[in-house]
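Under the numbering used here, think of the first position of the sequence shown as 1331, with each following residue one higher.
Only one structure is covered here, and it is reproduced in the block below.
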Amino acid sequence: MNDRRRQWLDAIAAAADEASLHEVESRLFGKKGEVLELVRAVATLPKEERPAAGKAANLCKQEVEQALAAKKDELQQQALQKELHDPSFDPTEPGPRPRRGSLHPITIVQNELIDLFTSMGFCWQDGPEVESEYFNFDALNIPGDHPARESQDTFWLNDRNLLRTHTSPVQVRTMQRFTRQGFQPPLKIIVPGRCFRAETVDKTHEHTFYQMEGLVVDEGVSTANLIHTMKTCLRVILQREVKVRLRPGFFPFVEPGFELDVNCPFCQGKGCSVCKQSGWIEILPCGMVHPNVLRQGGLDPEEYTGFAFGMGLQRVVMLRYGIDDIRTFMGGDLRFLRQFPEIAR
Ligand SMILES: [Zn+2]
1331 MNDRRRQWLD
1341 AIAAAADEAS
1351 LHEVESRLFG
1361 KKGEVLELVR
1371 AVATLPKEER
1381 PAAGKAANLC
1391 KQEVEQALAA
1401 KKDELQQQAL
1411 QKELHDPSFD
1421 PTEPGPRPRR
1431 GSLHPITIVQ
1441 NELIDLFTSM
1451 GFCWQDGPEV
1461 ESEYFNFDAL
1471 NIPGDHPARE
1481 SQDTFWLNDR
1491 NLLRTHTSPV
1501 QVRTMQRFTR
1511 QGFQPPLKII
1521 VPGRCFRAET
1531 VDKTHEHTFY
1541 QMEGLVVDEG
1551 VSTANLIHTM
1561 KTCLRVILQR
1571 EVKVRLRPGF
1581 FPFVEPGFEL
1591 DVNCPFCQGK
1601 GCSVCKQSGW
1611 IEILPCGMVH
1621 PNVLRQGGLD
1631 PEEYTGFAFG
1641 MGLQRVVMLR
1651 YGIDDIRTFM
1661 GGDLRFLRQF
1671 PEIAR
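Spelled out as structure tokens, the structure:
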């Protein structure tokens, strides 16, 4: 064993640079490394020889390891000294700049929407992700026997609590707080946030998704105000002029309710596979706030009207950047995230 130990130490001492030392290291400590083989071989000896042989083998292994580490240090120091004395080396030159990372595209679009809506006088509200049955359904004109409950596959928790299926519960939460504190409309809020439904995940569905809820209540608010606000919002977010159209849509918390479509950005309305040849893309549900919802919020529907909308943020982000699979957002693939602009210093 002593001969081999001598050989190994000599090989380490003879390594002229880090590459050749690395070669020696993998020969000794690699998968079939000679030093490791020596330690393993102890197990094949007769039982009475094993303690002494084991101890010797381990000491030898330690010695070789230490020699290897010391040589590594030495070579690194040498390389550093060489570099420092290289006449072309400029120690005042700035080092490579670390990448600061980028915001997630959902966050980018959410921030832009918050900026836009607050510039139009909207106030940013937040609400709990674990919601009560009352705020998620009952207060929004969706009683227990209502078929609309069936269409939202809800994650139920204990005591009739649930993971909110939309950001709409914050409508009534805010109106109640607002009126309790003695305020009167106008009330203009946006509510960005995370929502959950027990959906089967595919190209266009996620169990966890992001919405931006909007609510405006005042005297004489009409569908024209809704259309204008939506057009402004979509123009800014999609960074182009947009056409919109309203189709009737049923949502219990609005009356009348609409599906708002935007002209297809991929074919400029001529018809393509993304818009299923229709020239239009369904983008968000909206409508005039149902009188029952205003009442739940403590407001008199004879006096006030309002509109509300619920924008799926993933859908808007997909349209803006031409992303065709919703699973990319949470896929954890850094190559996807690195395409977005680095955070400013
Ligand atoms: Zn199209």
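We put the beta carbon where it would ideally sit given N, CA and C, even for glycine.
Being a predicted model, the structure only gives us computed values, none of them experimental.
Does DSSP put PRO1381 in a helix, a strand or coil? Counted from its first residue, the sequence shown places residue 1381 at position 51. PRO1381: helix per DSSP, three-state reduction.
With DSSP as the reference, label THR1635 as helix, strand or coil. For the purposes of this step, residue 1635 is identified with residue 305 of the sequence shown, where counting begins at 1. Secondary structure at THR1635: strand, using DSSP grouped into helix, strand and coil.
Report the residue from GLY1474, ILE1520, ASP1532, VAL1502 whose alpha carbon sits nearest the alpha carbon of THR1658. The sequence position of residue 1658 within the sequence shown is 328, counting from 1. Comparing Cα positions, the closest option is ASP1532.
Give me whichever residues DSSP pairs with GLY1544 in a beta bridge. Taking the first residue of the sequence shown as position 1, residue 1544 is located at position 214. In DSSP, GLY1544 forms a bridge with ILE1520, PHE1639.
With a threshold of 16 other CB atoms inside 10 Å of the CB of ALA1371, please say whether the residue is buried or exposed. Here residue 1371 refers to the residue found at position 41 when the sequence shown is read from its first residue. Exposed, by the Cβ-count rule.
Here's the rule I'm using: 16 or more other beta-carbon atoms within 10 Å means buried, otherwise exposed. How should ARG1645 be labelled? The residue given as residue 1645 occupies position 315 in the sequence shown. Buried.
To the nearest angstrom, how far is the alpha carbon of ASP1591 from that of GLN1506? Counting from one through the sequence shown, the residue named residue 1591 turns up at place 261. Counting from one through the sequence shown, the residue named residue 1506 turns up at place 176. Counting only the Cα atoms, GLN1506 lies some 31 Å from ASP1591.
Segment contact, 8 Å Cβ cut-off, at least three pairs: the segment 1618 to 1636 with the segment 1543 to 1557: Proximity of the segment 1618 to 1636 to the segment 1543 to 1557 meets the contact definition, three or more beta-carbon pairs being nearer than 8 Å.
VAL1551: CB within 7 Å of a non-hydrogen atom of ligand 3: This structure simply doesn't include ligand 3; it includes ligand 1 instead.
Just curious, the alpha helix (DSSP H) that GLU1618 is in, first and last residue? Your numbering for residue 1618 matches position 288 in the sequence shown. One detail in the question is off: residue 1618 reads as Met in this sequence, not Glu. For MET1618, there is no enclosing alpha helix (DSSP H); the residue is found in the beta strand (DSSP E) stretching over 1610 to 1619.
Taking all protein chains shown into account, decide if GLN1455 is buried (16 or more other Cβ within 10 angstroms of its Cβ) or exposed. Taking the first residue of the sequence shown as position 1, residue 1455 is located at position 125. Counting C-beta atoms within 10 angstroms of its own C-beta, GLN1455 has 16 or more neighbours from the protein chains shown and is therefore classed as buried.
With a threshold of 16 other CB atoms inside 10 Å of the CB of PRO1499, please say whether the residue is buried or exposed. Here the question's residue 1499 lines up with position 169 in the sequence shown. Buried, by the Cβ-count rule.
For VAL1584, the three-state DSSP class (helix, strand or coil): For this step, residue 1584 is matched to residue 254 along the sequence shown. In the structure shown, VAL1584 sits in a strand (DSSP, three-state: E or B).
Checking the sheet assignment: what are the DSSP bridge partners for HIS1535? In the sequence shown, residue 1535 corresponds to position 205, counting from 1. The partner list for HIS1535 (beta bridge, DSSP) reads ASP1532.
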